[in-house]
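Have a look at the structure below, then the notes.
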Amino acid sequence: NLGMPLGAPSLGELLSQGKDNLYAWWISVSTFAVLVVMLLLLILIGDALRDALDPRKVLEGEEK
Numbered sequence: 045n046l047g048m049p050l051g052a053p054s055l056g057e058l059l060s061q062g063k064d065n066l067y068a069w070w071i072s073v074s075t076f077a078v079l080v081v082m083l084l085l086l087i088l089i090g091d092a093l094r095d096a097l098d099p100r101k102v103l104e105g106e107e108k
């Protein structure tokens with residue numbers, strides 16, 4: 045059995061509920077907001093890791 049067990053909360057389930065309840069706009073908006081925040085955090089974490097671990101990074105004030 046692959047995937048989430050039945051009844052487990054998931055972003056897909058939130059999107060499905062948002063589609064079924066378009067009159068309740070806050071469901072769709074909150075799901076979208078969660079996705080945007082998760083994406084921004086992933087981008088920021090990736091940038092921080094690149095800055096910390098890049099061996100070719102030139103230090104400020106140092107010329108090539």
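Residue numbers (this note's numbering): 45 to 108. The beta-carbon is built from N, C-alpha and C at its ideal position, and this holds for glycine as well. Model, not experiment: these values are computed from the prediction.
- If you check the CB distance, residue 79 and residue 55 come in under 8 Å.
- Cβ contact annotation for residue 52 (same chain, cutoff 7 Å, sequence separation greater than five): none.
- The continuous stretches of alpha helix (DSSP H) do not include residue 54, and DSSP gives it neither H nor E.
- Close CB contacts of residue 74 within its chain, under the 6 Å cut and outside five residues either way in sequence, are absent.
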